[in-house]
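Residue numbers (the working numbering), protein chains in the order written: chain A, 71 to 239; chain B, 71 to 239. Heads up: the structure comes next, in structure tokens.
2 protein chains.
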Amino acid sequence: MSYKYLILGLLTERPMSGYDIKKQVKLALGAITSASYGTLYPTLHKLLADGYVEMQEVPQRSRPSKKVYSLTERGRDDLKNWLRQPAGADQVRREFLLKLYLARNLGPQEVLALITSRRLEAETMLQGLTTDRLNTKDVQQGWIVEYALCLCEAELNWLKQFETEYAVH
Amino acid sequence: MSYKYLILGLLTERPMSGYDIKKQVKLALGAITSASYGTLYPTLHKLLADGYVEMQEVPQRSRPSKKVYSLTERGRDDLKNWLRQPAGADQVRREFLLKLYLARNLGPQEVLALITSRRLEAETMLQGLTTDRLNTKDVQQGWIVEYALCLCEAELNWLKQFETEYAVH
DNA sequence: GATTGCATGTAAGGGGTTACATGATTTT
DNA sequence: AAAATCATGTAACCCCTTACATGCAATC
């Protein structure tokens with residue numbers, strides 16, 4: 071998801087530690103992505119070395135020191151420049167669609183099982199998103215949820231229709 | 071997209087060379103993925119070494135020999151087994167959504183530009199998919215196109231609505 | 001007494017792209 | 001004369017995940 075700009079972007083809200091960033095990603099962008107420490111920390115080190123962020127170490131009692139990162143002029147400029155470029159095409163890995171394409175290797179009831187399990191997952195996701203929408207105060211966060219909801223509903227409709235038509239033959 | 075099963079899956083249609091596979095991916099799954107030689111050839115070598123496929127070298131005049139791969143019993147079994155498992159969650163990298171979330175760092179007209187360029191892309195894709203639908207004979211290939219069309223239309227509607235509402239404020 | 005939260009990181013490995021390297025043949 | 005098609009592959013690099021490693025404090 072381009073950790074560089076994910077990090078720079080979140081740091082425009084407030085200075086944060088790696089730990090904070092992970093929480094914020096989960097909170098604000100949980101519907102579309104996640105961030106793992108394994109990339110987060112190394113990326114922060116690189117951004118620091120390259121001068122996009124600066125770091126202040128805050129000692130704490132009986133905990134490791136907190137390393138609080140904030141944007142530099144350079145980081146802010148680079149982020150703005152990136153934001154102004156049109157977004158790159160989505161990179162999607164849809165295992166489900168590959169299986170659907172290869173359905174000729176399955177029996178009819180196996181194809182239905184594939185579709186149905188997918189529909190159940192979509193329904194669960196729809197419920198989660200519906201809950202998210204209620205709890206979202208932030209405007210931009212709201213947009214993300216609405217967008218995800220819209221796509222999720224569309225997929226669900228397609229799956230239901232497919233299920234019905236396929237069952238009839 | 072899991073090259074392993076992409077390859078094993080396509081080889082159920084007919085024995086193919088790496089070159090053939092790339093063409094077939096573009097033809098049948100172009101709407102959702104692509105395959106690069108840089109992964110295709112090494113993956114084929116690995117599948118051969120692991121006994122999922124077998125290879126027959128076909129000499130040609132004034133061209134490099136063609137290496138035609140076909141499924142082994144083991145490959146076929148492994149594929150079927152994989153197909154029967156429920157599909158894993160989609161891995162999506164939506165640069166656009168990240169930019170949308172970070173829109174607070176942009177001016178109103180820059181946000182609109184982001185949305186509009188996205189809408190134009192979606193419209194182009196929609197046209198392409200509409201053409202694809204007409205040219206598609208294969209049933210499963212048709213499903214993929216329909217699915218992609220459905221999601222593309224849903225996104226387009228969302229974008230249009232957003233554009234309208236955002237312009238009003 | 002066990003789990004969650006806070007807080008940092010590294011190592012090994014998986015999966016992928018782009019660009020490079022080669023070179024004849026066929027089509028525009 | 002230029003471009004596309006056929007046909008193989010490698011090398012360098014990017015990006016990311018999972019599991020591991022450490023350890024105290026607060027809550028349940």
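Every residue, glycine too, gets a C-beta built ideally from N, C-alpha and C.
Could you tell me whether the Cβ atoms of residue i and residue j are closer together than 8 Å?
i, j, result
"residue 196 of chain B", "residue 235 of chain B", "no"
"residue 103 of chain B", "residue 77 of chain B", "no"
"residue 226 of chain B", "residue 192 of chain B", "yes"
"residue 221 of chain B", "residue 221 of chain A", "yes"
"residue 101 of chain A", "residue 202 of chain A", "yes"
"residue 210 of chain B", "residue 174 of chain A", "yes"
"residue 127 of chain A", "residue 137 of chain A", "yes"
Starting from the beta carbon of residue i, find every residue of chain A whose beta carbon is closer than 9 Å, and list them in chain order.
i, result
"residue 157 of chain B", "164, 165, 166, 167, 168, 169, 170, 184, 187, 188, 191"
"residue 72 of chain B", "163, 165, 168"
Can you pull the chain B residues whose beta carbon is under 7 Å from the beta carbon of residue i, in chain order?
i, result
"residue 221 of chain A", "221, 224, 225"
"residue 217 of chain A", "167, 228"
With distance defined between alpha-carbon atoms, name the residue in the options nearest to residue i.
i, options, result
"residue 239 of chain A", "A:181, A:189, A:226, A:221", "A:181"
"residue 237 of chain B", "B:164, B:128, B:179, B:74", "B:179"
"residue 84 of chain A", "A:172, A:161, A:146, A:152", "A:146"
"residue 119 of chain B", "B:74, B:161, B:152", "B:74"
"residue 152 of chain A", "B:137, B:212, B:184, B:151", "B:184"
"residue 72 of chain B", "B:82, B:212, B:105", "B:105"
"residue 228 of chain B", "A:233, A:213, A:194", "A:213"
"residue 206 of chain A", "A:99, A:79, A:80", "A:99"
Could you work out which residues of chain A lie near residue i, taking near to mean beta carbons separated by less than 8 Å?
i, result
"residue 175 of chain B", "79, 82, 149, 150, 153"
"residue 143 of chain B", "Result: empty, since nearest Cβ-Cβ is about 14 Å, beyond 8 Å."
"residue 140 of chain B", "Those do not exist, as residue 140 of chain B stays about 15 Å from chain A at its closest Cβ, beyond 8 Å."
Given that residue i touches chain B, what residues does it touch there, using C-beta distances under 8 Å?
i, result
"residue 235 of chain A", "Per Cβ cutoff of 8 Å: no residues; residue 235 of chain A is ~11 Å from chain B at best."
"residue 180 of chain A", "153, 154"
Give me the chain B residues within the contact set of residue i, using Cβ-Cβ distance strictly less than 9 Å, ordered along the chain.
i, result
"residue 210 of chain A", "170, 171, 172, 173, 174"
"residue 161 of chain A", "161, 162, 163, 164, 165"
Residues of chain A with a CB under 7 Å from the CB of residue i: which are they?
i, result
"residue 76 of chain B", "168"
Should residue i be listed as close to the ligand FAD, given that the test is whether its C-beta is under 7 Å from any heavy atom?
i, result
"residue 213 of chain A", "This structure does not include the ligand FAD; it has no bound ligands of any sort."
Segment contact flag, the region 126-146 of chain B with the region 95-110 of chain B, C-beta cutoff 8 Å, min 3 pairs: Per the Cβ contact rule, the region 126-146 of chain B is not in contact with the region 95-110 of chain B (fewer than 3 Cβ pairs under 8 Å).
Validate contact between the region 194-209 of chain A and the region 167-184 of chain A using beta carbons, cut 8 Å, 3 pairs: At 8 Å Cβ cutoff, the stretches do not touch.
Contact the region 138-154 of chain B vs the region 112-124 of chain B: 3+ CB pairs below 8 Å: Taking 8 Å as the limit for Cβ pairs, the verdict is that the region 112-124 of chain B does touch the region 138-154 of chain B.
Touch test, the region 183-194 of chain B against the region 149-164 of chain A, Cβ-Cβ under 8 Å, three pairs minimum: Short answer: they touch.
Segment contact flag, the region 204-222 of chain A with the region 86-101 of chain B, C-beta cutoff 8 Å, min 3 pairs: Touching, no, given that fewer than three Cβ pairs across the two stretches are closer than 8 Å.
Selection of the region 91-105 of chain A by Cβ proximity to chain B, strictly under 8 Å: Listed in chain order, the positions of the region 91-105 of chain A with a beta carbon within less than 8 Å of a beta carbon of chain B are 98, 99, 102, 103.
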